[in-house]
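Peer 1: Chains as they are written, first to last, in this note's numbering: chain D, 33 to 178; chain P, 33 to 178. Yeah, the Cβ is synthetic: ideal placement off N, Cα and C, and Gly gets one too. These numbers were taken from a predicted model, which means no experiment stands behind them.
Number of protein chains: 2
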Amino acid sequence: MQISSRFSVAVHVLSLLALPEQEGVPLTSERMAGSVNTNPVVIRRILGQLKKAGLVEVRPASGGTFLTRQPANITLLEVYRAVEVVEEGQLFSVHDKPNPACLVGRHIQSALDDTLQRAQTALEQVLAHTTLQQVTTDIAAKALIS
Amino acid sequence: MQISSRFSVAVHVLSLLALPEQEGVPLTSERMAGSVNTNPVVIRRILGQLKKAGLVEVRPASGGTFLTRQPANITLLEVYRAVEVVEEGQLFSVHDKPNPACLVGRHIQSALDDTLQRAQTALEQVLAHTTLQQVTTDIAAKALIS
DNA sequence: AGCAGTGTAACTACAGTTGTTACAACCCGG
DNA sequence: CCGGGTTGTAACAACTGTAGTTACACTGCT
Ligand code: FES
Ligand code: FES
Numbered sequence: 033m034q035i036s037s038r039f040s041v042a043v044h045v046l047s048l049l050a051l052p053e054q055e056g057v058p059l060t061s062e063r064m065a066g067s068v069n070t071n072p073v074v075i076r077r078i079l080g081q082l083k084k085a086g087l088v089e090v091r092p093a094s095g096g097t098f099l100t101r102q103p104a105n106i107t108l109l110e111v112y113r114a115v116e117v118v119e120e121g122q123l124f125s126v127h128d129k130p131n132p133a134c135l136v137g138r139h140i141q142s143a144l145d146d147t148l149q150r151a152q153t154a155l156e157q158v159l160a161h162t163t164l165q166q167v168t169t170d171i172a173a174k175a176l177i178s
Numbered sequence: 033m034q035i036s037s038r039f040s041v042a043v044h045v046l047s048l049l050a051l052p053e054q055e056g057v058p059l060t061s062e063r064m065a066g067s068v069n070t071n072p073v074v075i076r077r078i079l080g081q082l083k084k085a086g087l088v089e090v091r092p093a094s095g096g097t098f099l100t101r102q103p104a105n106i107t108l109l110e111v112y113r114a115v116e117v118v119e120e121g122q123l124f125s126v127h128d129k130p131n132p133a134c135l136v137g138r139h140i141q142s143a144l145d146d147t148l149q150r151a152q153t154a155l156e157q158v159l160a161h162t163t164l165q166q167v168t169t170d171i172a173a174k175a176l177i178s
């Protein structure tokens with residue numbers, strides 16, 4: 033199973049917030065949806081999760097959404113955690129209730145758990161060391177080249 | 033979204049094959065299913081994938097399944113690849129068709145792709161450096177302690 | 001030939017994702 | 001203080017992938 037695209041959409045939205053195109057025009061969920069090419073409600077749902085995680089602040093009425101921190105201080109791991117339903121340490125699902133009468137069944141879970149945890153942590157560490165700023169800088173750089 | 037439990041079931045099954053309990057009794061899909069606590073067809077499906085990947089050999093009739101290699105030469109990454117539907121480099125799903133008229137939309141995919149690829153590779157490297165033998169050794173060790 | 005086991009298709013039930021409609025709550029400008 | 005644009009959410013549909021189950025043809029040993 034693939035990891036939900038909510039994560040990439042969230043990064044997309046945060047990039048928009050970090051790169052204010054026109055100062056005058058407010059960045060509403062509808063405009064963001066137009067950029068991501070989806071429905072405004074999908075954006076608002078994700079904004080709700082980002083808000084709960086304290087990454088953005090939303091003005092309920094006349095469309096205003098802002099980052100609460102500098103892009104350099106927002107890691108992709110925070111976004112991942114804010115948006116994923118995957119609970120900490122649950123990326124891999126392990127079949128529950130193996131037969132305790134079996135030697136393998138009795139110990140497979142703890143034997144696997146250590147390795148799976150390390151694998152998951154390795155993935156998260158890469159995200160932890162990438163900031164939103166790196167992403168937006170990359171976007172800006174690519175925009176200049178093309 | 034969590035990664036399918038097919039992976040952990042596959043490791044479970046391979047562990048059974050690597051630790052032959054009683055030499056006489058053949059290890060049928062039904063016995064394996066009893067150990068994992070699931071349906072024999074689920075086991076056979078997974079065995080089919082492992083067979084296609086060349087990790088096991090199955091005698092169609094009178095129930096005999098064997099590893100084609102030493103447990104020390106089978107990495108968890110091979111099992112993961114054999115069993116996951118996740119295509120190489122597709123662990124994260126990215127929202128397709130972002131708006132090309134938008135600066136962010138035009139470049140977000142390639143800007144994210146590099147990081148996501150590194151994250152995924154980091155996870156896979158941990159699996160690549162763990163062998164089936166390490167798992168079974170761990171199981172045997174835990175069995176002795178308890 | 002008989003039989004225990006595998007290979008596979010077909011179906012169900014279920015969970016999570018994504019998109020969509022609908023509407024209440026909210027805030028701001030006039 | 002009212003109207004209009006916006007957010008917050010609930011509810012629902014369509015879809016996808018997972019896991020379990022039944023059924024049955026096929027296989028190969030004895
Ligand atoms: S319970 Fe998983 S092999 Fe025994
Ligand atoms: S922000 Fe994703 S397309 Fe512009």
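Go ahead and label L176(D) buried or exposed: buried means 16 or more other beta carbons lie within 10 angstroms of its beta carbon, across all protein chains shown.
Peer 2: Under this definition L176(D) is an exposed residue.
Peer 1: Return no unless some Cβ of chain D is closer than 8 Å to the Cβ of F98(P).
Peer 2: It does not; no Cβ of chain D falls within 8 Å.
Peer 1: Chain P partners of I75(D), CB-CB under 8 Å?
Peer 2: Within 8 Å Cβ-Cβ: nothing; I75(D) doesn't reach chain P, min ~11 Å.
Peer 1: If you measure between the beta carbons of A65(D) and I78(D), is that distance less than 8 Å?
Peer 2: No; because the gap between Cβ atoms is not below 8 Å, this pair is not in contact.
Peer 1: Given S85(P), which residues of its chain have a CB within under 6 Å of its CB, disregarding the five upstream and five downstream residues?
Peer 2: Reading off the sequence, residue 85(P) comes out as Ala, not Ser. So the list reads A114, once near-sequence residues are dropped.
Peer 1: How would you label D128(P), buried or exposed, when you count the other beta carbons within 10 angstroms and need 16 or more for buried?
Peer 2: Exposed.
Peer 1: In this structure, what does DSSP give as the bridge partners for V88(P)?
Peer 2: Beta-bridge pairing links V88(P) to L99(P).
Peer 1: Closer than 8 Å, Cβ to Cβ, to anything on chain P: give me those residues from the segment 59-73 of chain D, in chain order.
Peer 2: Here the close residues are G66, S67, V68, N69, T70.
Peer 1: Given a threshold of 16 other Cβ atoms within 10 Å of its Cβ, counted over all protein chains shown, does T100(D) qualify as buried or as exposed?
Peer 2: Answer is exposed; the Cβ neighbour count stays below 16.
Peer 1: Taking 8 Å as the cut-off, does the segment 134-142 of chain D touch the segment 139-148 of chain P (at least 3 CB pairs, one atom from each stretch)?
Peer 2: Output reads no: the segment 134-142 of chain D does not touch the segment 139-148 of chain P.
Peer 1: Answer yes or no: do G121(P) and Q157(P) have a C-beta to C-beta separation smaller than 8 Å?
Peer 2: Going by C-beta atoms, G121(P) is not nearer than 8 Å to Q157(P).
Peer 1: Measuring only the C-alpha atoms, how far is S47(P) from R150(P)?
Peer 2: Approximately 30 Å between the Cα atoms of the pair.
Peer 1: Find the nearest neighbour of A179(D) within the set L51(D), V73(D), K83(D), L87(D), judged by alpha-carbon distance.
Peer 2: Nothing can be reported for residue 179(D), as the shown portion of chain D is limited to 33 through 178.
Peer 1: Identify the residues that DSSP records as bridge partners of I32(D): which are they?
Peer 2: Residue 32(D) lies beyond the stretch modelled for chain D, which goes from 33 to 178, so this question has no answer here.
Peer 1: Determine the chain P residues that contact T162(D) at a beta-carbon separation under 7 Å, and present them in chain order.
Peer 2: Those are T147, listed as they occur along chain P.
Peer 1: Which residues of chain P have a Cβ atom closer than 8 Å to the Cβ of P130(D), listed in chain order?
Peer 2: Ordered by position in chain P, the residues that pass the 8 Å Cβ test against P130(D) are H44, S67, V68, N69.
Peer 1: Tell me, which residues are paired with F124(D) by DSSP?
Peer 2: Answer is I35(P).
Peer 1: Tell me which residues share the same chain as V68(P) and place their Cβ nearer than 6 Å to its Cβ, disregarding the 5 neighbours each side in the sequence.
Peer 2: Counting only Cβ-Cβ distances below 6 Å, and skipping sequence neighbours, we find V41, H44.
Peer 1: If I measure Cβ to Cβ from V82(P) and keep anything under 8 Å in the same chain, skipping five residues before and after, which residues do I get?
Peer 2: The question names Val, but residue 82(P) is Leu in the sequence shown. Correct list, in chain order: A42, V45, L46, V88, V111, A114, V115.
Peer 1: Inspect the beta-carbon positions of S37(D) and S36(P) and report whether they are closer than 8 Å.
Peer 2: No. Outside cutoff.
Peer 1: Taking C-beta to C-beta, are L123(P) and Q34(D) nearer than 8 Å?
Peer 2: Cβ atoms of L123(P) and Q34(D): closer than 8 Å.
Peer 1: Measuring only the C-alpha atoms, how far is S61(P) from V90(P)?
Peer 2: Cα-Cα distance, rounded: 10 Å.
Peer 1: Does the Cβ-Cβ distance between L109(P) and L159(P) come in under 8 Å?
Peer 2: Cβ atoms of L109(P) and L159(P): closer than 8 Å.
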